[in-house]
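Written out below as structure tokens is the structure these notes cover.
Number of protein chains: 2
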Amino acid sequence: MLGTAGAAGAAGLAVGAGGGLLAGPVGRATPGAPGDTTPLSSVGAARVDFHGPHQPGILGAARAHAELLAFDLLPASGRGEAAALLRRWSRAAGAMMTGEAPDADNGIAGGTGPSGLAVTFGFGHDFFDAVGLADARPRALDPLPEFSADALDPERSGGHLWIQVEADDPTVVFHAVRTLQRAAADTARVRHRMAGFNRVPGAASGESGPRNLMGQIDGTNNLRPEQEDFADRVFVPGDGEPAWMAGGSYAVVRRIRMLLDAWEEQPLEARDRVLGRRRVDGAPLTGGGETTPVDLGAVDERGRPVIPADAHVRVSAPESNGGAAMLRRSYSYHDGFAEDGSPDAGLLFVCWQADPMLAFVPVQRKLDRGDALSAFIRHEASGLFAVPGGAEPGGYPGQRLLEG
Amino acid sequence: MLGTAGAAGAAGLAVGAGGGLLAGPVGRATPGAPGDTTPLSSVGAARVDFHGPHQPGILGAARAHAELLAFDLLPASGRGEAAALLRRWSRAAGAMMTGEAPDADNGIAGGTGPSGLAVTFGFGHDFFDAVGLADARPRALDPLPEFSADALDPERSGGHLWIQVEADDPTVVFHAVRTLQRAAADTARVRHRMAGFNRVPGAASGESGPRNLMGQIDGTNNLRPEQEDFADRVFVPGDGEPAWMAGGSYAVVRRIRMLLDAWEEQPLEARDRVLGRRRVDGAPLTGGGETTPVDLGAVDERGRPVIPADAHVRVSAPESNGGAAMLRRSYSYHDGFAEDGSPDAGLLFVCWQADPMLAFVPVQRKLDRGDALSAFIRHEASGLFAVPGGAEPGGYPGQRLLEG
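Heads up: the sequence lines are chains A and B, in that order.
Quick note: the first sequence uses UniProt numbering, first residue 1, plus one each step.
Quick note: the second sequence uses UniProt numbering, first residue 1, plus one each step.
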């Protein structure tokens, strides 16, 4: 389930163009890509459109920083208050994403460009009960099954409302988070907050894509917008169910702790066999380079599979899961050190799909049973959110649900 | 004590050139400065020298990311183990700062340039007892006085050894932190860790310097290397006491929580009077622009001081403190939200001086009694560390102490 998984193409963390992108970098032609010499001022100038058929934080480049916030509505907040909150949030997000100051601005981002700010809103399972719309809850929000290796913290899981805030500058992220928190005012309060990062634009020295905290190149063989079935896999179709989710997507969020002490004790060759890829260059053990397709059928001179039966890249591959695949968009996190001295660090895994039962769930079921990587990771928090299609100017995501 | 204080010049967070800088950006001519169009690849290429008369994280530009780590020696570790640890740490830091892989590398920073990585080592008060060198402890490490507004958490204060890790890329910072932690192995363990950030190179849209989380332009009127008395104020002289601190400096570290709910409730005009500067452009209330000297003697038409008697800029000014001044180098932090919903956010304040009793202590004593800003901040952690001069190639900081 980590970003080194999958075997269906190549896109890296930057997954190409799509609705919602105005001036932001696209795909691997992003600042920070090998050989890129885009002027530095473009980091601040990168601008993503809040409005469009899809919300902004799904397609296009993942940014260097993200905060994932879950809010719970306060007891007195119902459907009307939630609608007003989404309207306030959307107005503020739309302004900040163009580099304008929101209402009653605290000034933290003064002098800074929008820096690719992308704000994305979602609804959790219990939101629908809280606003008296339980009948409108999509079946796709049915709770995820329990997986045997889960060690979920309920305090950091779930939530009525979810916001993904991303930008290439950390002060821009804080400004947006604080602004949205203040706008929640007496309607909702923060339930949990997770912060993550990726390699910053311009930090690459040349040879490869960004890496996760296990040292693996991350994002190889993600879904690509140019794939024929990309939209069907990621977005609810225009005539899909429920109607208010047309153009929307479902986000699965997992806080995946990496057990780095155990991982780094393994010889490099053993680590490569756990993944099925070489750490040094991301190439599959069956040869070639980072973007070479994995040859799951290859055997060595003694007839044994070159990619071990329990290698992460095999167990997570669409070929091993009836074609199931999802659009991955992940961030590393580091929240300090545990009592035993080990780092509290890993991956904030976010994936996007039209239906979790056809994407995350079957793949994670398989990983839960048979992935060699399971010994070195622990899923510590989980979320599942319905992310409606993008808002029209003056509107807000979910308006068809709340005002329908 | 926040970065908007002082009245002695103008340098911003980027405080100009000095020993230890190789290819890194300098002063306000740094990537991210207004109008800068340095190629993005320079973010990764920026390189700071580990060796030199001073350690690397004092002069030169503050970076976009920092972690401040305190370690305690384990009971079995004495002077020999500490010396060996400093040697291992220095070898790893020197390699990583040139973009080379350290021993037994975990690969996390593969494909990334050094990104201005700067690793700086210091010794706390109790280190000298732990290694049997209590007689060698500098008087300057005497515990700081208690200030009435302090609410210090001992778990996040103090420590035998201190490391300041800075870089413009967060994955480079994590790579260095994890590498240094592993190198501590059976000799020392992490006591506390604080993470901070500044505006990233290239995020500026043009008009002003970086801001802190109160929305104020930060770093105006810091000490400048071109000031005649700069070296005397910041560094222990070559013939100073103790001899092993020649070329060194003392770092005071304060985790300063900003009470943002109370702060943002104030009208903008009230906030400006608390600081003595305009939030919008950083100009003193006595007029001009951000870099215009503050006129502490100016009065309005009714004879009242334009800069209020308790304005932060007045109380912290060298003119109000017998000339006391220090070199400031601060980072914003955001560690989530407290139980009451308020952000756990503020400033990781680091300042550098040849003698804390002539710099931080008298200024903080004055601020503690008379600063209008005190109602909106809370000092929650404190550290004081002796940071020896820079190492020669093959050596390590503090070698004269530990092998003298």
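Ideal placement from N, C-alpha and C gives every residue a C-beta, glycine not left out.
Could you check whether the Cβ of residue i sits closer than 6 Å to any heavy atom belonging to the ligand ADP?
| i | result |
| --- | --- |
| B/ALA167 | With respect to the ligand ADP, the structure shown offers nothing to examine, as it has no ligands at all. |
Which term fits residue i, buried or exposed, when burial requires 16 or more other beta carbons within 10 angstroms of its beta carbon?
| i | result |
| --- | --- |
| B/ARG277 | buried |
| B/ALA184 | buried |
| B/GLY32 | Per-residue confidence for B/GLY32 stands at a pLDDT of 34, beneath the threshold of 50, marking its modelled position as unreliable; the derived number appears in the next sentence. Classification for B/GLY32: buried. |
| A/GLY398 | buried |
| A/ALA309 | exposed |
| A/SER148 | exposed |
| B/VAL200 | buried |
| A/ARG254 | buried |
| B/ASP169 | buried |
| A/GLY52 | buried |
| B/VAL299 | exposed |
| B/ALA130 | buried |
| B/ARG279 | buried |
| B/ASP153 | exposed |
| A/ASP272 | buried |
| B/ALA134 | exposed |
| B/GLY390 | buried |
| A/ASP105 | buried |
| B/ARG139 | exposed |
| A/ASP371 | buried |
| A/PRO393 | exposed |
| A/ALA243 | exposed |
| A/ALA338 | exposed |
| B/ARG302 | exposed |
Mind reading off the beta-carbon distance from residue i to residue j? Whole number of angstroms is fine, and I expect it under 8 Å.
| i | j | result |
| --- | --- | --- |
| B/VAL43 | A/ALA203 | 5 Å |
| B/THR120 | B/GLY57 | 4 Å |
| B/GLN353 | B/VAL172 | Actually they are not in contact, since the Cβ atoms of B/GLN353 and B/VAL172 sit about 28 Å apart, beyond 8 Å. |
| A/GLY122 | A/ALA386 | 6 Å |
| A/ALA118 | A/ARG63 | 7 Å |
Give me the Cα-Cα distance between residue i and residue j, rounded to the nearest whole angstrom.
| i | j | result |
| --- | --- | --- |
| A/PHE128 | A/ALA317 | 34 Å |
| B/GLY209 | B/ILE217 | 6 Å |
| B/ASP355 | B/VAL236 | 8 Å |
| residue 411 of chain A | B/SER342 | The requested residue 411 of chain A does not occur in the structure, where chain A is confined to residues 1 to 404. |
| B/ARG224 | B/VAL252 | 18 Å |
| A/LEU213 | A/ALA151 | 20 Å |
| A/GLY60 | B/GLU226 | 45 Å |
| A/ALA101 | A/ALA109 | 8 Å |
| A/ARG314 | B/ARG189 | 38 Å |
| B/GLY27 | B/ALA246 | A caution first: B/GLY27 carries a pLDDT of 28, below 50, which makes its placement in the model unreliable, though a value can still be read off. About 25 Å. |
| A/HIS379 | A/MET258 | 9 Å |
| B/ARG211 | A/LEU367 | 45 Å |
| A/HIS160 | B/GLY159 | 41 Å |
| A/PRO143 | A/GLY383 | 9 Å |
| B/HIS312 | B/PRO293 | 15 Å |
| A/GLY288 | A/PHE174 | 41 Å |
| B/GLU319 | B/MET96 | 42 Å |
| B/ARG88 | A/ASP281 | 27 Å |
| B/ASP229 | A/LEU347 | 48 Å |
| A/ALA66 | B/ALA167 | 18 Å |
| B/VAL306 | B/ALA283 | 13 Å |
Starting from residue i, trace the alpha helix (DSSP H) in both directions and tell me its first and last residue.
| i | result |
| --- | --- |
| B/TRP263 | 260–265 |
| A/THR171 | 170–184 |
| A/ARG279 | Careful: A/ARG279 lies outside any alpha helix (DSSP H) and carries neither H nor E. |
| B/SER77 | It is not in any alpha helix (DSSP H) - B/SER77 carries neither H nor E in the DSSP assignment. |
| B/VAL131 | That residue, B/VAL131, is in no alpha helix (DSSP H); it is neither H nor E in DSSP. |
| A/ALA231 | 230–234 |
| B/GLN164 | Careful: B/GLN164 lies outside any alpha helix (DSSP H), inside the beta strand (DSSP E) at 161–167. |
For residue i, which residues of its own chain have a beta-carbon under 6 Å away from its beta-carbon, when the five flanking residues on both sides are left out?
| i | result |
| --- | --- |
| A/LEU94 | Note that residue 94 of chain A is Gly in the sequence shown here, rather than Leu. Closer than 6 Å at Cβ, skipping near neighbours: PHE50. |
| A/ARG304 | none |
| A/GLN164 | GLY57, LEU68 and THR120 |
| A/ARG92 | A small fix is needed here, since residue 92 of chain A is Ala in this sequence, not Arg. Only PRO102, THR179 and ALA183 meet the Cβ criterion. |
Beta strand (DSSP E) containing residue i: first to last residue?
| i | result |
| --- | --- |
| B/VAL190 | 188–197 |
| B/SER332 | 331–337 |
| A/PHE349 | 343–353 |
| A/GLN364 | Taken as a continuous stretch (DSSP letters only), A/GLN364 belongs to no beta strand (DSSP E), being part of the alpha helix (DSSP H) at 360–370. |
Can you give me the Cβ contacts of residue i inside the same chain, cut-off strictly under 8 Å, excluding the 5 residues immediately before and after it?
| i | result |
| --- | --- |
| A/ALA84 | THR187 |
| A/TRP263 | MET214, ARG271 and PHE376 |
Which same chain residues, not among the five before or five after residue i, have their C-beta less than 7 Å away from its C-beta?
| i | result |
| --- | --- |
| B/GLN181 | VAL190 |
| A/LEU74 | ASP186, THR187, ALA188 and ARG189 |
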